[in-house]
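Remarks on the structure that follows.
There are 4 protein chains.
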Amino acid sequence: MQSSSMWGGRFSGKPSSVAEQISESISFDNRLYKVDIQASTEHARMLARQNIITQEDFDAIENGLKMVKKEIESGQMQFSPELEDIHMHIEKRLTEVIGDAGKRLHTGRSRNDQVATDTHLYVREAISAAEEKLLSLLRQILELAQSHKDDIWAGYTHLQIAQPVLLGHYLMSWFWAFYRDLELLRFARRESMRSPLGAAAMGGANYPIDRDYTKTRLGFEAIYENSMDAVANRDYQMSFHFFATRLFIHISRISEDFIFYSTAEAGYIRMSDAVTTGSSIMPQKKNPDIAELLRGKSARVIGNFLSLLVNLKGLPSTYNRDLQEDKVYLFDTVDQVAMGIDGLSEILRNIAFFPDKMIQSLEKGFAQATDIADYLVSAHGVAFREAHELSGRLVRYCEENAKTLGTLSDGEIAELWQGKFTLPREILDLRQSPGRRQGRGSTSPQSLGEQFALAISLIGIKEQKPSGARPVFRPSTL
Amino acid sequence: MQSSSMWGGRFSGKPSSVAEQISESISFDNRLYKVDIQASTEHARMLARQNIITQEDFDAIENGLKMVKKEIESGQMQFSPELEDIHMHIEKRLTEVIGDAGKRLHTGRSRNDQVATDTHLYVREAISAAEEKLLSLLRQILELAQSHKDDIWAGYTHLQIAQPVLLGHYLMSWFWAFYRDLELLRFARRESMRSPLGAAAMGGANYPIDRDYTKTRLGFEAIYENSMDAVANRDYQMSFHFFATRLFIHISRISEDFIFYSTAEAGYIRMSDAVTTGSSIMPQKKNPDIAELLRGKSARVIGNFLSLLVNLKGLPSTYNRDLQEDKVYLFDTVDQVAMGIDGLSEILRNIAFFPDKMIQSLEKGFAQATDIADYLVSAHGVAFREAHELSGRLVRYCEENAKTLGTLSDGEIAELWQGKFTLPREILDLRQSPGRRQGRGSTSPQSLGEQFALAISLIGIKEQKPSGARPVFRPSTL
Amino acid sequence: MQSSSMWGGRFSGKPSSVAEQISESISFDNRLYKVDIQASTEHARMLARQNIITQEDFDAIENGLKMVKKEIESGQMQFSPELEDIHMHIEKRLTEVIGDAGKRLHTGRSRNDQVATDTHLYVREAISAAEEKLLSLLRQILELAQSHKDDIWAGYTHLQIAQPVLLGHYLMSWFWAFYRDLELLRFARRESMRSPLGAAAMGGANYPIDRDYTKTRLGFEAIYENSMDAVANRDYQMSFHFFATRLFIHISRISEDFIFYSTAEAGYIRMSDAVTTGSSIMPQKKNPDIAELLRGKSARVIGNFLSLLVNLKGLPSTYNRDLQEDKVYLFDTVDQVAMGIDGLSEILRNIAFFPDKMIQSLEKGFAQATDIADYLVSAHGVAFREAHELSGRLVRYCEENAKTLGTLSDGEIAELWQGKFTLPREILDLRQSPGRRQGRGSTSPQSLGEQFALAISLIGIKEQKPSGARPVFRPSTL
Amino acid sequence: MQSSSMWGGRFSGKPSSVAEQISESISFDNRLYKVDIQASTEHARMLARQNIITQEDFDAIENGLKMVKKEIESGQMQFSPELEDIHMHIEKRLTEVIGDAGKRLHTGRSRNDQVATDTHLYVREAISAAEEKLLSLLRQILELAQSHKDDIWAGYTHLQIAQPVLLGHYLMSWFWAFYRDLELLRFARRESMRSPLGAAAMGGANYPIDRDYTKTRLGFEAIYENSMDAVANRDYQMSFHFFATRLFIHISRISEDFIFYSTAEAGYIRMSDAVTTGSSIMPQKKNPDIAELLRGKSARVIGNFLSLLVNLKGLPSTYNRDLQEDKVYLFDTVDQVAMGIDGLSEILRNIAFFPDKMIQSLEKGFAQATDIADYLVSAHGVAFREAHELSGRLVRYCEENAKTLGTLSDGEIAELWQGKFTLPREILDLRQSPGRRQGRGSTSPQSLGEQFALAISLIGIKEQKPSGARPVFRPSTL
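Line by line, the protein sequences give chains W, B, R and H. Taking the working numbering, the leading residue of the first sequence gets 94, the next gets one more, and so forth. Taking the working numbering, the leading residue of the second sequence gets 94, the next gets one more, and so forth. Taking the working numbering, the leading residue of the third sequence gets 94, the next gets one more, and so forth. Taking the working numbering, the leading residue of the fourth sequence gets 94, the next gets one more, and so forth.
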């Protein structure tokens with residue numbers, strides 16, 4: 094991956110303009126400038142420490158790179174496709190500024206390990222930023238769940254109402270999914286903590302370099318143990334893409350829930366204007382645009398991941414120029430991850446839940462029917478099949494008489510069951526249903542409390558909001 | 094998909110800055126400005142013709158849009174995320190410029206059919222551009238094949254040399270593959286030739302619009318027969334992505350061939366500096382960068398295609414905001430298609446084939462062995478199995494004596510075959526092998542001539558280069 | 094792609110058992126037996142016609158192949174991994190049955206063109222079967238739409254009710270989507286109508302074969318013009334996969350609609366037990382399993398398509414053994430296509446629509462608001478912005494007084510509008526809203542009638558059901 | 094996900110035959126029988142321990158399940174689509190065998206947590222099997238690398254020879270890639286070590302179950318903390334697919350290397366008949382079928398992964414019937430992983446490397462040129478640019494005189510360099526080049542020794558082969 098200007102001499106030809114357009118990467122890799130300067134500085138420091146270059150050279154390089162960085166950050170540097178990539182831009186400018194010492198910067202490294210090092214540093218930073226956002230999202234979900242720990246919600250299967258659950262339990266189901274993503278992100282970070290610097294073109298350097306020194310200075314945890322692997326490897330990028338993909342699978346699913354909950358038909362939640370658009374004359378219409386866009390972005394993130402996989406499939410070992418394109422997908426996915434977490438967080442800040450509406454649906458759906466049957470089995474030893482028949486009898490009676498189970502009188506029950514069994518009122522009270530679910534991890538208040546405690550211990554919330562305090566909801570928009 | 098500023102009134106809230114960042118599309122959809130202005134102009138013309146707006150209004154709109162177009166093309170227009178998309182930018186600016194008439198432009202249409210119309214127009218233009226490039230590539234391949242119609246090349250299976258073929262035949266194998274892509278592109282064009290304009294939000298307009306008139310003015314061939322389908326449909330985009338994907342599958346395969354042919358080990362072709370990079374002190378090293386980048390770009394194009402598929406999967410009918418992202422993948426793939434065809438064309442302009450080197454490999458590989466066996470079957474009625482044994486005997490003798498089949502003397506053959514059969518010299522001449530392949534479409538010179546004739550009739554080359562004239566190759570680089 | 098047993102002689106080794114397991118394809122390619130025997134028979138017929146084999150040999154081969162076919166169809170043939178693929182099984186058995194003539198069957202062809210020919214024939218048959226099913230689905234949708242041409246339905250955007258449409262119009266939106274799939278399928282068929290037979294290994298045959306004769310006998314429309322392309326090409330398979338993918342994208346979207354419509358919250362449709370599962374004691378719960386499974390199957394079909402793309406990406410030209418796997422994805426997708434169309438058809442046969450329920454939602458959602466504003470603009474020349482304000486005033490009044498627009502009295506309207514304008518009752522009648530949508534392709538009854546006429550002309554329905562006759566719905570299940 | 098036969102009562106209808114075909118899973122999920130019986134047994138044991146069922150019931154269930162297992166394993170059980178899935182088959186048969194106790198097995202669980210538990214157990218077993226195979230592959234690579242620690246090989250970039258490396262170093266580059274896959278597999282295992290049993294339909298059970306007890310009995314490390322998450326979650330499957338995908342990306346790359354190395358043009362390796370196919374009369378042709386098939390299988394594994402991602406994208410929370418299809422992709426990928434590792438291992442067992450052939454290529458490619466320049470810089474303080482010019486002078490002389498750098502005499506060098514510098518012979522000796530690469534992880538023998546030591550400590554090889562002992566290669570096949 095040497096640019097034309099580096100191997101002039103023998104070759105009189107130049108890349109054609111088509112080729113230049115195809116091979117330039119400055120249009121997207123300019124965002125590596127900061128990590129490139131960081132890595133170059135530490136490489137030069139090591140060269141001086143190993144007496145491969147002089148201390149004076151290093152001083153010049155360090156100061157020169159600082160100057161170049163300022164020029165880039167102040168917008169003074171003009172990017173040009175002929176100089177191909179950010180590395181060439183920086184190196185050329187450095188040499189203009191400090192002279193021959195600039196040319197000695199590249200001693201003992203190659204473009205291959207340089208690019209690999211920069212990209213590792215970039216991914217590491219993206220992971221740190223994502224981790225912070227994700228932790229903050231987890232805290233937000235936890236607090237939201239705590240503030241809804243007593244509200245009734247419906248658990249769905251097949252998009253059909255199934256059973257009463259606590260809203261806090263529903264919200265915590267997402268906590269655990271995103272917590273697994275955090276663990277996955279941390280796995281991906283470990284893979285990005287290896288330094289390729291010193292692998293040179295792919296066989297190592299012809300100079301007495303000290304890879305452990307640059308590793309430590311650059312904050313890596315280890316070096317690649319094999320120089321060919323260091324240059325060929327894109328595993329750490331795949332792991333980051335996989336994290337992003339799984340995160341967005343979860344985001345697309347919770348978005349789907351919210352889009353459904355906010356339909357006119359369901360009406361279980363309302364999202365404020367901050368994350369919806371509406372119609373000036375159809376007041377009930379609130380388009381859940383942000384949730385839709387996040388769901389849509391899952392497609393982009395999956396596409397980016399796939400691009401990396403297809404690119405790598407069947408490539409010969411070490412470096413092939415195909416790999417230049419990896420940054421296109423990587424950078425876009427880094428951006429989408431930030432928007433995805435921020436966007437979901439923004440939705441959660443702007444959502445109101447209407448458990449009362451949900452309870453009506455549960456009542457209408459005879460959601461106590463299973464509890465009734467289970468009660469007959471547990472309390473009276475009725476056989477499962479008979480219990481279901483007895484429960485079904487109440488349901489049919491309600492249906493035919495436009496009643497709900499909760500409004501049945503004891504007399505009606507006695508008649509329908511020919512006086513064989515009585516039914517405690519609490520079995521008909523949907524609000525008490527979650528409390529009867531047993532076993533750890535169920536939707537009972539006790540289990541939910543255990544989830545909160547474990548979650549707090551995992552993400553280390555220091556000070557909690559006073560109990561009962563719901564996240565503030567902007568009243569103007571509802 | 095109405096922007097916040099359009100439904101102010103009842104809603105006091107505003108999108109949050111996170112939401113604005115997620116929902117803006119101006120950063121990528123600004124390239125629709127030209128087709129948007131084109132479609133708006135024709136829509137307004139129709140409105141005036143139908144007396145829905147006045148002729149004066151139309152004149153103001155037409156002139157105003159021209160002015161806005163100039164402002165955009167001269168770089169005067171500032172794009173801003175708050176105005177979300179290109180449509181809003183143009184509409185707002187138009188209203189600033191011409192006043193209330195600008196507001197009447199949107200009569201009888203909605204953002205949904207407007208965006209759909211723009212995107213159809215855009216895809217149509219991309220298809221036309223791609224068709225022109227593809228036709229030019231086909232002509233180039235044909236001419237290159239014609240100039241190599243007598244050269245010997247090797248046909249490979251499993252990346253192992255199998256049989257002698259004509260280089261022209263090998264090159265024409267790509268002609269037919271890309272010609273199928275041309276047919277596919279034309280299929281995709283048909284699908285992009287339907288006008289969605291007039292579908293409005295998704296049910297049609299509340300005004301006496303004339304969809305056939307705008308269809309004709311905008312150069313469409315038909316209208317969507319169903320307004321809900323018009324707004325929901327992304328089939329024409331899928332077809333374009335599929336074209337791009339298949340094109341790049343072919344490009345990745347020919348690139349793979351060229352990368353292999355140009356290894357030091359093979360040495361069958363050389364690509365000039367216009368499409369390679371080299372090493373100043375290892376003269377034989379020529380990195381086939383452009384071929385590698387094109388192979389790599391196939392991954393990007395497949396990823397873009399997949400993003401559209403995943404986006405659409407499971408979406409409810411008509412418009413959902415997820416669909417805004419379709420343009421991200423579309424625009425990038427349009428760019429890659431142009432670069433892909435141009436890049437391959439550039440490679441073909443800068444390639445030298447070395448058939449003599451290939452013949453050496455064929456000789457070394459005893460590539461006449463099958464021909465010898467087939468000769469014994471055809472000419473002497475020897476059973477297939479015995480013929481193969483006899484041929485194999487010659488090969489083993491050559492191997493053990495470090496000879497090639499072409500250097501065997503008649504005496505050696507007579508001895509090895511115990512005088513049973515003689516072998517005409519031409520069977521041992523690799524250059525005559527292609528001529529013996531029979532049936533249409535084979536690698537014989539006659540079949541190749543038929544392929545040329547058919548190809549010419551299909552792509553309509555008017556004036557051909559004088560026979561024998563090879564494409565000029567820059568001598569300095571070889 | 095020659096099997097070990099074919100090149101014994103020189104090679105003492107055998108594939109290892111691991112290798113045998115990896116390389117066998119008989120476990121999935123046995124379903125090619127019929128087309129393989131068909132192609133072999135015609136190849137042999139041509140060989141005899143060209144005097145390459147004798148008439149006696151051909152007769153033996155033809156009869157032998159018939160016998161082998163019977164053995165396969167009666168389950169007598171034991172498939173064994175050592176014989177690798179179906180071609181070897183048939184050839185070996187043929188030779189056992191008819192002796193040496195069987196060995197002459199392979200004259201002038203190779204495994205490469207044989208497999209390619211078989212797969213073309215197989216895809217062609219799959220396409221014909223899919224076309225028949227798709228035409229039948231189109232007829233069914235058309236009839237269903239006709240039977241619902243007067244019913245009111247809601248058009249959604251963003252999964253939010255937007256405007257009243259005719260249910261027939263909604264259903265026809267799917268007709269047009271699937272009709273495009275039919276056109277795509279026909280494009281794919283054209284690509285599968287080329288005969289690769291005679292391409293041999295990849296350079297053509299060493300015998301005077303007649304490719305046009307086998308082409309015609311096998312029902313192909315053309316031959317591949319280039320033998321290398323014939324063996325390398327998988328475009329026709331890609332096109333079939335693309336058809337399947339797009340079909341399933343559509344199926345996944347209509348399934349999503351139906352899953353939503355059949356929620357307890359929406360209740361707009363009910364699917365019978367034939368395509369749902371339920372709960373014995375929660376009578377309102379009907380899990381839309383088949384719709385969900387079809388939506389899920391879209392993932393499988395996309396994955397299969399992608400597998401082919403990734404397989405092909407970067408492959409060197411002509412045949413590589415990787416390509417053996419293409420049949421795994423192909424066969425599965427052929428099965429899914431059949432199930433997808435049948436499944437959707439079954440759902441449509443078992444669905445009841447409840448337009449009255451939908452009208453309630455439209456009323457509750459003030460879906461007349463836009464019509465009111467448009468009326469003021471059209472009939473009274475009120476400025477758009479003011480018209481919307483006036484309409485919004487009615488909506489707010491309704492909201493505050495728990496009314497719907499349809500129940501407003503003329504007096505209330507007069508008061509709210511300070512007597513400036515009156516409002517014809519039909520504007521408030523949701524059922525009349527579709528009729529006001531203008532332009533071809535809109536949801537008006539007239540446009541819907543035009544769609545029916547065009548649809549009938551396109552798919553050629555001969556005898557239609559008497560008007561008004563709805564598809565019979567099994568009453569027991571609702 | 095209740096089967097029709099479970100909710101008979103109220104519903105008179107039956108699934109149609111089309112629906113039955115779409116919804117059955119017994120054709121693929123029968124391989125869950127063992128883990129299903131295992132999980133059912135432990136669930137029943139817990140029920141008895143908690144006094145939810147009697148000890149007698151448990152004994153009957155345990156024995157009954159053993160019997161059913163035997164019936165399945167002996168092929169006595171007939172699988173039938175009407176009974177849909179393996180769970181129904183087992184439950185129905187159990188009840189036939191032991192009567193009413195069988196019906197009590199399902200107390201306190203639902204099909205949802207049952208299937209989830211089975212699949213976790215299945216994935217866990219697949220992971221254990223893959224880990225064992227992967228460890229064995231790592232040991233094999235390490236031993237192979239050790240046996241080639243002194244052989245010269247070429248490092249490639251862009252498929253162009255770049256520098257001499259040690260063959261052991263090249264082989265170890267794959268060790269580290271597969272070792273990362275092992276770490277990823279272990280991450281995936283952690284995710285599969287959670288028990289969903291007890292989540293019931295999705296809200297927990299109405300019985301005093303003990304989830305920790307079944308967790309421990311089934312060998313899980315933890316339980317899912319949230320019942321809704323337990324039923325919805327497919328993360329552990331995604332992680333396994335990601336592992337498989339990354340593994341196969343690596344396999345596809347090493348396969349690509351081997352396919353290239355084994356071309357007639359390269360000739361650097363030879364794979365024996367166990368993993369290749371050949372041609373009876375073209376002795377040099379050895380088709381690398383197994384390597385090609387493994388490369389091809391990477392496509393299948395990626396497609397399977399993608400199917401799961403697309404399936405999950407946008408699904409509402411907890412269980413949807415779409416998810417039934419997850420097992421189709423999972424099971425196939427489990428099979429491919431086993432074949433992939435075994436296949437690569439088999440290739441490595443059947444490969445011979447020809448370093449001498451590689452050295453010829455390095456010589457022909459003037460691969461010492463960089464070393465010469467680096468020597469001048471290091472030893473004589475020559476400026477980089479001048480050093481390269483001096484080295485290039487030798488190369489050009491060699492080229493023009495058909496020599497290689499290794500055959501230059503001291504006199505020739507002196508003349509070309511005008512006596513300014515001498516060149517120690519060892520700089521021209523390609524075999525000494527790797528030893529000059531510095532820094533940890535380079536291709537020097539010292540670094541390679543360090544890699545071996547670290548690798549041994551990581552995968553814990555107890556007894557090593559005596560040094561120098563190469564893996565036995567079957568001589569008959571080369």
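C-beta atoms are modelled at their ideal positions from N, C-alpha and C, and glycine is treated no differently.
Asked, Found
"Taking buried to mean at least 16 other C-beta atoms within 10 Å of its own C-beta, is GLN148/R buried or exposed?", "exposed"
"Could you tell me which residues DSSP pairs with LYS379/H in its beta bridges?", "GLY371/H"
"What's the call for ALA476/B, buried or exposed, on a 16-neighbour Cβ count within 10 Å?", "exposed"
"Quick one: what does DSSP say LEU237/R is sitting in, helix, strand or coil?", "helix"
"Pick from ARG186/B, SER391/B, ASP193/B and ILE119/B: whose alpha carbon is nearest that of ASP150/B?", "ASP193/B"
"Where GLY396/B and SER502/R are concerned, what is the direct C-alpha to C-alpha distance, given to the nearest angstrom?", "57 Å"
"Please state whether the Cβ-Cβ distance between ASN404/H and ALA392/R is less than 8 Å.", "yes"
"Could you give the DSSP three-state label for THR309/R: helix, strand or coil?", "helix"
"Counting only Cβ pairs nearer than 7 Å, list the residues of chain H close to HIS182/B.", "Chain H residues near HIS182/B: none, gap ~31 Å exceeds 7 Å."
"From VAL216/R to SER400/H, what distance separates their C-alpha atoms?", "22 Å"
"Of all the CB atoms in chain R, is at least one closer than 8 Å to the CB of GLY407/W?", "yes"
"Out of VAL421/H, LEU260/H, MET375/H and THR369/H, which has the shortest C-alpha to C-alpha gap to GLY389/R?", "VAL421/H"
"Listing by chain order, which chain W residues have their CB less than 8 Å from the CB of GLY297/H?", "ARG530, GLN531, GLY532, GLY534, SER535, THR536, SER537 and SER540"
"Using the Cα positions of TYR354/R and VAL161/B, report the straight-line distance between them to the nearest angstrom.", "45 Å"
"Can you tell me whether MET170/H is helix, strand or coil according to DSSP?", "coil"
"If you measure from the beta carbon of ASN397/H to each beta carbon in chain R, is any gap under 8 Å?", "yes"
"Inspect the CB distances between the segment 508–515 of chain R and the segment 470–490 of chain R and report whether three or more fall short of 8 Å.", "yes"
"By Cβ distance, which residues of its chain are closer than 6 Å to ALA137/R, with the 5 residues on each side in sequence left out?", "PHE151, ILE154 and LEU198"
"Considering only residues of the same chain and omitting the five flanking positions on each side of LEU227/B, which have a CB-CB separation below 7 Å?", "PHE271, ASP274, LEU275, LEU278 and ILE434"
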